[in-house]
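>
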Amino acid sequence: MSLKLPTAALVATLLLGCGADDEEDLTVAVESEPGTVSIEAPPPAHEGTVVMADDVPVEVVTHESGEVYAYVRAEEPPAPDRLGLTVSVPVRGRASGRPVRMVWNERDLRWEGRVRRVEIVPGPVEVVVQLDGEPLRGHADIIVVAPAVHVTVERPAARPRTVIEVVEPRGKVKHRRRGGVEVRFR
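Per my numbering, residue 33 is the first one in the sequence shown, and the count goes up by one each step.
#1: Out of curiosity, what's the CA-to-CA distance linking V177 and D87?
#2: Tell me whether R133 sits in a helix, a strand or coil according to DSSP, three-state version.
#3: Would you mind stating whether V93 and A102 have Cβ atoms separated by less than 9 Å?
#4: Which term fits I175, buried or exposed, when burial requires 16 or more other beta carbons within 10 angstroms of its beta carbon?
#5: Is P112 helix, strand or coil by DSSP?
#6: Taking DSSP as the reference, what is the three-state secondary structure of E79?
#7: Among the candidates A73, H95 and A85, whose CA atom is the shortest distance from the CA of R148?
#8: Does the contact criterion of 3 or more C-beta pairs under 8 Å hold for the segment 133-151 versus the segment 164-175?
#9: What span of residues does the beta strand (DSSP E) with E158 cover, start to end?
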């Protein structure tokens, strides 16, 4: 058995040398491992957590009240109609994250979603970006939770009511109301 290996090496050397001209160039293809490119995540612009979904940076901003905002932070972000976005946020009392399907808000230029009847807590976050149907995944070990969003809606005060009393000689009482003015005839 020990003679087979040196014999095979001798035969291979002889075969390589047979028929080869000294002037002929021998091209050998060398395979190497593919290089990895590291893309650095940009700093957060909205006080959130930046998660790299492959090479797409997504800033996730979560609020205690359940609102979740996401901003695609690429230098040239893809059009929103080419994207789908889902964020899994950590919630109190649940071992795994709660998935939140995000919807594009054209007015505020961000992705928005909401979880109801649960509290978002600091913990790991998962982001899945569907770019032209291809899923790109990202993970961050801890997410920043911002204070709750409170929205106050103020409506204008009711218009003051004006009452005009008109005494008619007949003594009949009539009422007319139009545009906040009440007219009483007596």
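Don't be surprised by glycine CBs; every beta carbon is placed ideally from N, CA and C. Since this is a predicted model, take the numbers as computed values, not measurements.
So, to answer that:
#1: Working through the sequence shown from its first residue, we reach residue 177 at position 145. Working through the sequence shown from its first residue, we reach residue 87 at position 55. The straight-line gap from Cα to Cα measures roughly 24 Å.
#2: For this step, residue 133 is matched to residue 101 along the sequence shown. R133 falls in the strand class under three-state DSSP.
#3: Along the sequence shown, read from residue 1 onward, the residue named residue 93 stands at position 61. Along the sequence shown, read from residue 1 onward, the residue named residue 102 stands at position 70. Yes, the Cβ-Cβ distance between V93 and A102 is below 9 Å.
#4: Your numbering for residue 175 matches position 143 in the sequence shown. Label assigned to I175: buried.
#5: Along the sequence shown, one-based indexing puts residue 112 at 80. Note: P112 maps to helix in three-state DSSP.
#6: Translated into the one-based positions of the sequence shown, residue 79 becomes position 47. The answer is coil: DSSP assigns E79 none of H, G, I, E or B.
#7: On the sequence shown, residue 148 is found 116 positions in, with the first residue counted as 1. When each option's Cα is compared against that of R148, the closest is H95.
#8: no
#9: Counted from its first residue, the sequence shown places residue 158 at position 126. Segment V157 to L163, the beta strand (DSSP E) holding E158.
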